[in-house]
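Engineer: Chains as they are written, first to last, in our numbering: chain A, 47 to 295; chain B, 68 to 317.
Beta carbons: idealized from backbone N, C-alpha and C, even for Gly.
(1) Going by beta carbon distance, what residues of the same chain come within less than 6 angstroms of residue 74 of chain A, once the five residues before and after it are set aside?
(2) Excluding five sequence neighbours on each side, which residues of the same chain lie with their C-beta closer than 8 angstroms to the C-beta of residue 56 of chain A?
(3) What are the partner residues of residue 72 of chain A, as DSSP defines its beta bridges?
(4) Just curious, the alpha helix (DSSP H) that residue 131 of chain B is in, first and last residue?
(5) Is residue 90 of chain A close to chain B, meaning its C-beta is less than 8 angstroms from at least one C-beta of that chain?
(6) Taking only the alpha-carbon atoms, compute the straight-line gap between residue 167 of chain A and residue 266 of chain A and give it to the nearest angstrom.
(7) Does residue 147 of chain A get closer than 8 angstroms to chain B when you measure Cβ to Cβ?
(8) Look at the alpha carbon of residue 187 of chain B and the alpha carbon of residue 117 of chain B, and state the distance between them as a whole number of angstroms.
(9) Suppose you measure from the CA of residue 167 of chain B to the CA of residue 153 of chain B; what does that come to, to the nearest Å?
(10) If you drop the 5 nearest sequence neighbours on each side, which residues of the same chain put their C-beta closer than 6 angstroms to that of residue 179 of chain B?
(11) Whose CA, out of A:196, A:144, A:278 and A:153, lies closest to the CA of residue 183 of chain A?
(12) To the nearest angstrom, how far is it from the Cα of residue 294 of chain A to the Cα of residue 219 of chain A?
(13) If you drop the 5 nearest sequence neighbours on each side, which residues of the same chain put their C-beta closer than 7 angstroms to that of residue 171 of chain B?
(14) Considering only residues of the same chain and omitting the five flanking positions on each side of residue 76 of chain A, which have a CB-CB separation below 7 angstroms?
(15) Using the beta-carbon of each residue, which ones in chain A are nearer than 9 angstroms to residue 212 of chain B?
(16) Return the CA-CA distance between residue 211 of chain B and residue 97 of chain B, expressed in angstroms with no decimal places.
(17) Less than 8 angstroms between CB atoms is the rule here; does residue 70 of chain B satisfy it with respect to chain A?
(18) Run through the DSSP bridge pairs and tell me what residue 64 of chain A is partnered with.
(19) Smallest Cα separation from residue 215 of chain A: which of A:261, A:71 and A:245?
(20) Do residue 251 of chain A and residue 128 of chain A come within 8 angstroms of each other at the CB atom, strictly closer than that value?
(21) Which residue from B:76, B:292, B:272 and B:184 puts its Cα closest to that of residue 126 of chain B?
(22) Which residues of chain B have a Cβ atom closer than 8 angstroms to the Cβ of residue 238 of chain A, listed in chain order?
(23) Under 7 angstroms between beta-carbons, which chain B residues line up against residue 190 of chain A? List them in chain order, please.
(24) Go to residue 263 of chain A, then tell me how far its beta strand (DSSP E) extends in each direction, as first and last residue.
(25) If we ignore side chains and look at the alpha-carbon of each, how far apart do residue 84 of chain B and residue 50 of chain A end up?
(26) Okay, do the region 194-201 of chain B and the region 111-127 of chain A touch, 3+ Cβ pairs below 8 angstroms being the bar?
(27) May I have the straight-line CA-CA distance separating residue 269 of chain B from residue 260 of chain B, to the nearest angstrom?
(28) If I follow the unbroken alpha helix (DSSP H) through residue 98 of chain A, where does it start and stop?
(29) Looking at the secondary structure, which residues open and close the alpha helix (DSSP H) in which residue 144 of chain A lies?
(30) In chain A, which residues lie less than 7 angstroms from residue 279 of chain B when you measure between Cβ atoms?
(31) Taking Cβ-Cβ distances shorter than 7 angstroms, what residues in chain A pair up with residue 286 of chain B?
(32) Between the C-alpha atoms of residue 107 of chain A and residue 208 of chain A, what's the straight-line distance to the nearest angstrom?
(33) Output the boundary residues of the beta strand (DSSP E) element that contains residue 80 of chain A.
(34) Hey, could you find the ends of the beta strand (DSSP E) residue 256 of chain A is sitting in?
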């Protein structure tokens with residue numbers, strides 16, 4: 047079953063620029079999708095339509111058959127979004143409080159909130175930091191905290207916008223491990239990235255975007271050779287013929 | 068930014084950590100008001116009580132004083148101003164400037180009082196989760212009609228969260244401008260403008276991103292209310308603090 051269906055989606059910004067042009071897309075439940083493209087190709091704009099942060103100028107986005115435009119609040123519970131800048135996503139002064147922020151907005155009772163927060167912190171391995179000020183966490187830990195904040199809302203789809211930007215190698219490994227383990231636990235994963243080196247080994251499906259359009263869509267192995275034509279670097283590990291290019295080995 | 072971080076909540080299991088935030092807020096107000104009447108003996112008594120409280124929390128008072136080092140400049144200013152402005156028997160006389168014995172005494176007492184109020188506030192902040200402070204503000208504002216207590220409490224919390232980040236941005240912008248020779252420009256107005264405009268722009272851009280991230284996490288004013296609960300321990304502590312305040316006043 048398709049968890050996401052996008053039909054004839056167009057988005058025009060206030061200044062008249064077209065952000066998305068004629069997007070048609072179906073994403074089945076449980077798949078790992080990578081959206082590649084240069085800066086400004088429309089990746090973030092597309093992601094923000096999945097939970098109603100942006101609404102279409104024309105066309106429709108459906109989540110399990112429900113229109114996002116008609117139910118933006120519900121769509122934000124189904125699609126959890128981890129932003130590129132973790133510092134802007136973390137809004138509270140302790141790790142625990144920040145993870146509790148989403149469930150509090152859902153008006154869950156205190157017992158349920160505490161349960162969800164502890165479960166989310168365990169999943170991302172931050173239980174020992176629950177009383178810390180998020181400002182004191184490392185880049186990788188902040189990104190994991192942002193993931194925990196989304197997990198506590200129990201979404202079905204997790205969307206990551208450039209999840210590895212400005213992280214060091216251990217930070218990338220920590221976040222990648224989380225993403226892979228969330229996919230293994232049954233979540234649908236969508237990752238937008240302009241560099242595929244660290245993520246491509248785990249993708250079931252690859253989309254390439256350019257100028258607000260999806261220009262290629264298919265299995266990663268079939269599209270890798272075309273990446274550079276659309277301004278995305280072909281992963282070096284594949285150019286060198288590495289059979290298992292995973293960053294977690 | 069270490070100085071800002073040390074003065075934040077520290078998890079612990081002390082009596083102060085376990086007291087209800089509303090009572091702690093009340094203690095802070097009572098002590099701050101009664102200290103206006105405090106003499107040297109009362110100040111000595113309060114200093115010993117505060118030192119004992121810091122030892123009990125498990126935080127060396129020395130490190131707190133170190134992190135408050137900038138406050139001492141303010142206290143020094145107050146001390147000097149008092150020493151020079153209070154009339155009395157002169158201790159030092161240089162031309163028209165006279166330092167009096169009464170001025171030195173009053174300056175020392177005022178600084179001591181201010182320091183105790185600051186340290187009481189530090190003890191409060193160190194032992195109270197920011198979410199509890201937010202809850203207390205919300206609770207205190209609730210009886211006033213027309214005041215959006217949830218919004219105000221959350222705005223306070225956001226401010227506390229983002230002040231260190233804005234300071235970091237200011238430092239970064241300043242460093243980038245130094246690298247491009249801003250120090251050769253003598254006009255403070257020009258330098259302030261070159262620091263202020265990009266800093267404001269980045270701050271507003273960040274505010275936009277925060278607002279988007281909050282929307283993505285279903286933010287609304289109609290949220291789960293914070294849990295506040297008081298018990299016998301809080302009332303015993305209140306009795307103790309009231310007694311202490313009475314000793315100070317009389």
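Structural biologist: Taking the coordinates as given:
(1) 48
(2) 64, 66, 67, 68, 69, 102, 103, 104 and 105
(3) A:51
(4) 128-134
(5) no
(6) 32 angstroms
(7) yes
(8) 7 angstroms
(9) 7 angstroms
(10) 110
(11) A:144
(12) 6 angstroms
(13) 150 and 158
(14) 232 and 234
(15) The premise fails here: residue 212 of chain B is roughly 23 angstroms from chain A at the closest Cβ pair, so nothing lies under 9 angstroms.
(16) 22 angstroms
(17) Reliability of the predicted coordinates at residue 70 of chain B is poor, the pLDDT of 43 falling under 50, and the value obtained from them is presented with this limitation in mind. Residue 70 of chain B does not count as touching chain A.
(18) A:58
(19) A:245
(20) no
(21) B:76
(22) Residues of chain B passing the Cβ test: none, with the nearest at roughly 14 angstroms.
(23) The contacting residues do not exist; residue 190 of chain A stays about 16 angstroms from chain B at best.
(24) 259-264
(25) 47 angstroms
(26) no
(27) 14 angstroms
(28) Neither: residue 98 of chain A is in no alpha helix (DSSP H) and is coded neither H nor E.
(29) 141-151
(30) 99
(31) 151
(32) 22 angstroms
(33) 78-83
(34) 251-256
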